[in-house]
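In what follows, a single structure is set out as structure tokens and then discussed.
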Amino acid sequence: MGPGVFDVVNVTKSPQWVTCSVHSVLQDFDITVSFFYGYNTPSARQEMWEYIKGSGGIHKDQPWVLMGDFNATMEPIDSAGGDTSWSSQKQEFSLCLHQAEIHMVPYRGIKYNLHNGQEGENTILKKLDWVFGNTTLATPWPNAVAHFSPRSVSDHSSMLLQLRKDHLKPRPSFKFLNFWAEREDFIPQITRVWQMHIQGSPMFRLTSKLQMVKACLKNWHKVNKSHISSRVIKAKADWDEAQEDEEQDYWPRGWRGKHYSQPRGLGKSGSGLL
């Protein structure tokens with residue numbers, strides 16, 4: 001973001017949020033962006049909820065983006081491990097968004113963007129980082145999407161908001177072919193990739209190795225499926241030959257290999273037999 005590309009003006013700030021008015025010089029649009037970092041305790045976050053509810057009407061006529069670490073989950077499924085109880089205080093987040101007419105921007109990537117750094121039974125995963133927008137945001141950018149990258153140095157995922165008018169072309173899904181596992185060189189391929197050293201959090205190492213395994217298998221499949229067309233043609237010829245051999249077994253030995261035409265006088269109705 002170079003100078004002169006965007007004009008950014010600080011509108012309001014507090015220890016838990018910073019709201020800026022942004023004007024794009026090149027594309028000539030205006031948008032309001034609020035960055036949040038919520039406090040750890042429910043009572044301390046009350047000020048943040050009140051600000052969001054009070055600002056919903058103020059920004060209703062202009063696209064408004066809210067993003068950051070809200071330090072709160074919206075539903076029980078937004079956390080895994082640790083305390084799974086759901087108190088009434090945890091409902092304040094979703095109620096606040098509903099009252100302010102704020103909606104979650106569709107996202108791709110990591111769901112649980114906080115990892116406590118522990119492993120096994122002590123692992124705690126939570127979705128605390130969010131990207132939201134008001135209804136007006138959908139008018140110029142109906143296909144806006146947020147991206148959450150795997151964690152690296154921080155215990156949180158980095159987030160990127162992509163403002164899109166057109167539909168985002170979905171990535172082709174990875175398909176595992178069962179016959180791969182029947183090959184003797186399948187396990188060595190997986191082992192070679194999985195033993196590579198990756199630095200970062202446990203979740204970052206896991207997702208990185210999974211991506212490397214997928215890339216390895218795709219390349220491995222591409223190499224091993226060479227000359228597939230000629231192999232298909234040969235398999236078809238072998239199949240046809242096997243069927244002919246099976247059919248010959250039903251004929252008397254002296255008749256094999258001979259062809260017999262339709263009896264003369266046989267009409268379409270079969271009356272020529274009489």
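With the first letter of the sequence shown counted as 1, position 214 gets the number 214 in UniProt numbering; the numbers rise by one all the way through. Cβ atoms here follow ideal geometry from the backbone N, Cα and C, with glycine treated the same way.
Could you tell me if aspartate 240 is buried or exposed, where buried requires 16 or more neighbouring beta carbons within 10 angstroms of its beta carbon?
exposed
Rounded to whole angstroms, what is the Cα-Cα separation between glycine 56 and glutamine 118?
38 Å
If histidine 5 sits next to valine 22, beta carbons under 8 Å apart, how far is it from one beta carbon to the other, in whole angstroms?
According to the sequence provided, residue 5 is valine. The question's histidine does not apply to it. Incorrect: roughly 10 Å between the Cβ atoms, too far for contact.
Status (buried if at least 16 other CB within 10 Å, exposed otherwise) for aspartate 129
buried
Residue range of the beta strand (DSSP E) that includes phenylalanine 179
Segment: none, phenylalanine 179 is in no beta strand (DSSP E) and carries neither H nor E.
What three-state label does DSSP hand asparagine 116 in the structure shown?
coil
Compute the Euclidean distance between the alpha carbons of phenylalanine 36 and valine 223, then round it to the nearest angstrom.
49 Å
When DSSP labels each residue in this structure, what does valine 213 get in the three-state scheme?
helix
What whole-angstrom Cβ distance do asparagine 40 and asparagine 71 have, given they're in contact under 8 Å?
6 Å
Find the nearest neighbour of tryptophan 64 within the set Ile52, Cys216, Arg192, judged by alpha-carbon distance.
Ile52
Within the chosen definition, does the segment 170 to 190 reach the segment 83 to 97 through at least 3 CB pairs nearer than 8 Å?
no
For glutamate 101, which residues of its own chain have a beta-carbon under 8 Å away from its beta-carbon, when the five flanking residues on both sides are left out?
Gly56, Lys60, Asn134, Thr135
Contacting residues, own chain, Cβ-Cβ under 6 Å from leucine 66 (five flanking each side not counted)
Ser34, Phe132
Which full runs of the beta strand (DSSP E) of 3+ residues lie inside the UniProt domain "Endonuclease/exonuclease/phosphatase" (15 to 156), going along the chain?
17 to 24, 29 to 37, 64 to 69, 102 to 104, 107 to 109, 129 to 134, 145 to 148
Between leucine 206 and alanine 242, what straight-line distance do the alpha-carbon atoms span, to the nearest angstrom?
48 Å
Considering just the uninterrupted stretch of the alpha helix (DSSP H) at glutamine 189, what are its terminal residues?
186 to 194
State the start and end residues of the unbroken beta strand (DSSP E) segment that holds leucine 161.
159 to 162
Taking only the alpha-carbon atoms, compute the straight-line gap between arginine 164 and arginine 108 and give it to the nearest angstrom.
14 Å
Just grab the DSSP bridge partners of asparagine 10 for me.
Cys20
Can you tell me whether DSSP reads histidine 197 as helix, strand or coil?
coil
Tell me the rounded alpha-carbon separation between valine 232 and methionine 212.
30 Å
8 Å contact criterion, which threonine 32 and glutamine 62 should meet: CB distance rounded:
6 Å
Return the residue from the list His147, Pro15, Arg192 that minimises the CA-CA distance to leucine 217.
Arg192
Integer Cβ distance of proline 95 from histidine 156, believed to fall under 8 Å
The displayed chain sequence assigns leucine, not proline, to residue 95. Actually they are not in contact, since the Cβ atoms of leucine 95 and histidine 156 sit about 24 Å apart, beyond 8 Å.
Taking C-alpha atoms, which residue in Glu182, Met196, Ile58 lies nearest to valine 11?
Ile58
Apart from the five residues on each side of it in sequence, which residues of its chain come closer than 7 Å, Cβ to Cβ, to proline 15?
none
Answer with buried or exposed for glycine 38, where buried requires no fewer than 16 other C-beta atoms within 10 angstroms of its C-beta.
buried
Which residues in the same chain as valine 25 place their Cβ atom closer than 7 Å to its Cβ, once the five residues preceding and following it in sequence are excluded?
Gly4, Val5, Phe6, Asp7
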